[in-house]
Amino acid sequence: MVADISASFPARPSPADQIVARSAHDPGTIETRLRFWRDEGRKSLCCYLMGGMSRDWLDILQAISHGGANIIEVGIPFSDPMIDGPVIQAASRMALDAGATPATVLDEISRVEAGVPLVVMTYYNLLLKGGLSRMAKHMSRASISGSIIPDLPPEESAPWIREADGSGIENVMLVAPTTPVDRARRICESTRGFVYCVGTMGVTGERDSLSRTAREVAAKVMSVTDKPALVGIGVSTPAQAAGACSIADGVIVGSAIVRRVMEGAGASGVEKFVRSLRDAIDS
Amino acid sequence: MVMGDPGPGGKYGEYGGRFVPEPLMAACMELEESFRSAWADETFRFQLNTILSDYAGRPTPLTECRRLSQRVGVRILLKREDLAHTGSHKINNVIGQALLAERMGKKRLVAETGAGQHGVAAATAAALFGMECVVYMGELDIMRQELNVFRMELLGAEVRPVKSGSRTLKDAVNEALRDWVSTCETTHYCLGSVMGPHPYPWMVRELQSIIGEESREQCRQLLHGLDPDWVVACVGGGSNAAGTFAGFISTTANLVGVEAAGGAAISNGVPGVLHGMMSNLLQDDTGQVLEAQSISAGLDYPGIGPEHAFLASLGRARYETAGDGEVLVAFKLLAQMEGIIPALESAHAIAWVSREAGKTIPFGSTVMVTLSGRGDKDVAQVKDLLRGG
Chain D
-12 MVADISASFP ARPSPADQIV ARSAHDPGTI ETRLRFWRDE GRKSLCCYLM GGMSRDWLDI
48 LQAISHGGAN IIEVGIPFSD PMIDGPVIQA ASRMALDAGA TPATVLDEIS RVEAGVPLVV
108 MTYYNLLLKG GLSRMAKHMS RASISGSIIP DLPPEESAPW IREADGSGIE NVMLVAPTTP
168 VDRARRICES TRGFVYCVGT MGVTGERDSL SRTAREVAAK VMSVTDKPAL VGIGVSTPAQ
228 AAGACSIADG VIVGSAIVRR VMEGAGASGV EKFVRSLRDA IDS
Chain C
13 MVMGDPGPGG KYGEYGGRFV PEPLMAACME LEESFRSAWA DETFRFQLNT ILSDYAGRPT
73 PLTECRRLSQ RVGVRILLKR EDLAHTGSHK INNVIGQALL AERMGKKRLV AETGAGQHGV
133 AAATAAALFG MECVVYMGEL DIMRQELNVF RMELLGAEVR PVKSGSRTLK DAVNEALRDW
193 VSTCETTHYC LGSVMGPHPY PWMVRELQSI IGEESREQCR QLLHGLDPDW VVACVGGGSN
253 AAGTFAGFIS TTANLVGVEA AGGAAISNGV PGVLHGMMSN LLQDDTGQVL EAQSISAGLD
313 YPGIGPEHAF LASLGRARYE TAGDGEVLVA FKLLAQMEGI IPALESAHAI AWVSREAGKT
373 IPFGSTVMVT LSGRGDKDVA QVKDLLRGG
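In structure tokens, the structure reads:
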């Protein structure tokens, strides 16, 4: 049961808005697992793969799981991926050219046992066109546990959250370095699964070093919520992943994996890389 | 109120809104707040109007087309945005946004461009205000509009070719938004049409409403206090049409937006979300955005400003289309009957009026057409097309 999320995001926050009733909900699979790992003193690794980008993408999905990922984010390709950098843009194009659609990606996923919770990452137009209710049910049938829709801000998200909650899909929301703390608090109250801390002001992609803003955004999020906080965008090496895990509950790595798939690393190469990320954050 | 302030949510009925990733929310909110305060500030309005008159050549005239009117059987008046500085209505918007950027302390402008008109205007405003300017332009459009690329560079802007997707306006917008995500603290995104996330559709319509306000008064002077029966403008994203319609929304004039047949978001699109807004969108069965196809790079856009989608749903404005062939005929017609070479975009409006005179538009009606820009930029392309190149 969801209160009207957008009602807690007025354009001009008044002091009264800061006392938003915490919407009671049962934590879903993702949040429960992430909290469990945190209680065990472990850090979480979330890896991204573009659905349908190569013939062997399902093998790679399983390799990511074997390599030690705790969550896998599966991209559904969109023609206009606004927040994505060149690597994931190219992967979207490859997947679309290979005929991937939301339905084919979800149907293919349901054929494998990933072994870890899966989160769909895609853009809102695909959900709108597919029908919010139908898409939520399709995700649920494909054993998807969560969704990340970067172009769906909390103000506009109530219709999707209603359907997602109804189908047991945990909708993950983003907090950015530029998000004011009051707004961050309200986002953290509405998010399910975890909080996606945008570590860098920019599009998805690899960077030479972990951004200074990653630390700030993680600190901001952890000061307003005890929900699990994962840092993503601009995290690409084992050392950066370990750095991100020293300030948050876990880390999200995307472009660095997708690039390896594009370069032909194959399932074994990707598994090796994921294992290096795992080892770095566990050590 | 139709064509009023859409409020903090930026909604026009079910359309509009602000569908941007969280990193851009603060920038959009800051922009909305700054524009709201500037627009209510008499000093800002005075500064803007002074630049528009002393620099950009406003007010632009209203021209009665005597020979063309006689030929088609309706009385045609042209609002001459082609005579504004840089050759199109785009200057109205960029001067306003550059003045606002200066007020917000931003030193860098990014812009997207299709035909190059908005890019040239943005580069011009950046030069005037001493700002850095980066213009994103689809590779395909760069080939179609070589001269405008050189113009932007002459004006000191950097033109970055966009190689992704359809390599046209849609992808240039994506790339400009991506730039803005990482630079919004120092950079203003100078969006060129009544599209994108709130407050852009509202802000750009307000900045372009000078077209409608001037032309309404000019029409009343010419028509002894009366308003035209029909008001027609071409629509890509729809900024010249929005600015024009704003001046006539409370009159009884029939409002008509003319889209390119290959980019007709109202006629062929369905509601969807792209570039931060909910509006009508050309898309396939699964929600992938389709590429628009038009002779005119400026109308090569699969969406349309959300307020146009709303006006269409209300029935307050109607949206028609013109095909490439009739547009070329209209391009030549206006040149030969009136000595005015229109932009290919604007020629869509002329094409629809000359096709529908005596049909949809009863003979003897008075029709005001916004001529959004001049055709110098298109002459090379039209030469190739007419000579079968």
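Chains D and C, in that order, give the protein sequences.
Going by our numbering, the residue at position 99 of the first sequence is 86; the numbering climbs one at a time, nothing skipped.
Numbers given in our numbering equal positions in the second sequence, counted from 1, plus 12.
In this text, a Cβ means the ideal position worked out from N, Cα and C, and glycines have one as well.
Predicted model only: the values in this text are computed from it and were never measured.
Is there a C-beta anywhere in chain E that falls below 9 Å from the one on residue i?
{"i": "G21 (chain C)", "result": "Within the model displayed, chain E is absent; protein chains D and C are what it includes."}
Quick one: is residue i buried, meaning 16 or more other Cβ sit within 10 Å of its Cβ, or exposed?
{"i": "V74 (chain D)", "result": "buried"}
{"i": "E165 (chain C)", "result": "exposed"}
{"i": "T109 (chain D)", "result": "buried"}
{"i": "F162 (chain C)", "result": "exposed"}
{"i": "A11 (chain D)", "result": "With a pLDDT of 47 at A11 (chain D), under the threshold of 50, the modelled position of that residue is not reliable, and the figure given next carries that caveat. Classification of A11 (chain D): exposed, given that the 10 Å Cβ count is below 16."}
{"i": "T55 (chain C)", "result": "exposed"}
{"i": "P64 (chain D)", "result": "buried"}
{"i": "R78 (chain C)", "result": "exposed"}
{"i": "K389 (chain C)", "result": "buried"}
{"i": "Q230 (chain C)", "result": "buried"}
{"i": "M126 (chain D)", "result": "buried"}
{"i": "V301 (chain C)", "result": "buried"}
{"i": "H320 (chain C)", "result": "buried"}
{"i": "R399 (chain C)", "result": "exposed"}
Look at residue i and residue j and say whether their C-beta atoms are less than 9 Å apart.
{"i": "R115 (chain C)", "j": "S46 (chain C)", "result": "yes"}
{"i": "L121 (chain C)", "j": "A127 (chain C)", "result": "no"}
{"i": "P215 (chain D)", "j": "L21 (chain D)", "result": "yes"}
{"i": "V193 (chain C)", "j": "N112 (chain D)", "result": "no"}
{"i": "P33 (chain C)", "j": "A151 (chain D)", "result": "no"}
{"i": "T256 (chain C)", "j": "D239 (chain C)", "result": "no"}
{"i": "G29 (chain C)", "j": "G21 (chain C)", "result": "yes"}
{"i": "E332 (chain C)", "j": "V243 (chain C)", "result": "no"}
{"i": "A272 (chain C)", "j": "A329 (chain C)", "result": "no"}
{"i": "G241 (chain D)", "j": "N57 (chain D)", "result": "no"}
{"i": "A231 (chain D)", "j": "A205 (chain D)", "result": "yes"}
{"i": "S306 (chain C)", "j": "G275 (chain C)", "result": "yes"}
{"i": "H130 (chain C)", "j": "S221 (chain C)", "result": "no"}
{"i": "T199 (chain C)", "j": "G150 (chain C)", "result": "no"}
{"i": "Q393 (chain C)", "j": "R156 (chain C)", "result": "yes"}
{"i": "H287 (chain C)", "j": "M207 (chain C)", "result": "yes"}
{"i": "E157 (chain D)", "j": "E18 (chain D)", "result": "yes"}
{"i": "C196 (chain C)", "j": "T165 (chain D)", "result": "yes"}
{"i": "N185 (chain C)", "j": "N105 (chain C)", "result": "For the sequence presented, residue 185 (chain C) should be read as Val rather than Asn. Taking 9 Å as the Cβ cut-off, V185 (chain C) and N105 (chain C) do not qualify as a contacting pair."}
{"i": "S255 (chain D)", "j": "A101 (chain D)", "result": "no"}
{"i": "A267 (chain D)", "j": "A228 (chain D)", "result": "yes"}
{"i": "K207 (chain D)", "j": "V159 (chain D)", "result": "no"}
Taking 6 Å as the limit between beta carbons, can you name the residues of its chain near residue i, skipping five residues before and five after?
{"i": "L89 (chain C)", "result": "L74, E76, M380"}
{"i": "S178 (chain C)", "result": "E303"}
{"i": "R70 (chain C)", "result": "L64"}
{"i": "L60 (chain C)", "result": "G108, L111"}
{"i": "V84 (chain C)", "result": "S366, A369"}
{"i": "G168 (chain C)", "result": "A139"}
{"i": "E187 (chain C)", "result": "Y148, V174"}
{"i": "T91 (chain D)", "result": "none"}
{"i": "I136 (chain D)", "result": "Y111"}
{"i": "V185 (chain D)", "result": "L161, A163, I220"}
{"i": "E124 (chain C)", "result": "Y148, A184, V185, A188"}
Write down the C-beta distance between residue i and residue j rounded to the nearest angstrom, noting that I regard them as a contact closer than 8 Å.
{"i": "E357 (chain C)", "j": "S308 (chain C)", "result": "5 Å"}
{"i": "A355 (chain C)", "j": "G387 (chain C)", "result": "5 Å"}
{"i": "K182 (chain C)", "j": "P314 (chain C)", "result": "6 Å"}
{"i": "V14 (chain C)", "j": "L326 (chain C)", "result": "7 Å"}
{"i": "G25 (chain C)", "j": "F343 (chain C)", "result": "Rounded, the Cβ-Cβ distance is 35 Å, inconsistent with contact."}
{"i": "S377 (chain C)", "j": "D241 (chain C)", "result": "4 Å"}
{"i": "V245 (chain D)", "j": "A78 (chain D)", "result": "5 Å"}
{"i": "A201 (chain D)", "j": "I234 (chain D)", "result": "7 Å"}
For residue i, I'd like the list of residues in its chain whose CB is within less than 8 Å of its CB, leaving aside the five on either flank, ordered along the chain.
{"i": "I96 (chain D)", "result": "G38, L45, L48, V61, L105, A129, S130, I131"}
{"i": "Y67 (chain C)", "result": "H97, I107, L140"}
{"i": "F31 (chain C)", "result": "P209, V285, G288, M289, M290"}
Going along the chain, which residues of its own chain have a beta-carbon closer than 7 Å to the beta-carbon of residue i, five neighbours each way excluded?
{"i": "A85 (chain D)", "result": "G39"}
{"i": "P2 (chain D)", "result": "Note on P2 (chain D): pLDDT 40, under 50, position unreliable in the model; the coordinate value appears next. The answer is none, since no qualifying residue turns up."}
{"i": "F260 (chain C)", "result": "G224, R228, D239, V243, L267"}
{"i": "V190 (chain D)", "result": "I70, D71, G72"}
{"i": "S52 (chain D)", "result": "I59, A101, G102, V103"}
For this session: Pull out every residue of the stretch 182 to 200 of chain D whose Cβ sits closer than 8 Å to any Cβ of chain C, in chain order.
Result: V185, T187, M188, G189, V190
Problem set entry | Proximal residues, the stretch 70 to 100 of chain D versus chain C, C-beta separation under 7 Å | I70, Q76, L83, T88, P89
For this session: Name, going along the chain, the residues of the stretch 161 to 184 of chain C whose beta-carbon falls closer than 9 Å to a beta-carbon of chain D.
Result: S176, G177, S178, K182, D183
Problem set entry | Residues, ordered as in the chain, of the stretch 149 to 174 of chain D that lie near chain C by beta-carbon distance below 9 Å | M160, L161, V162, A163, P164, T165, T166, P167, R170, I174
For this session: Give the residues from the stretch 123 to 150 of chain D that approach chain C closer than 8 Å (Cβ to any Cβ), ordered along the chain.
Result: P137, D138, L139, P140, E142, E143
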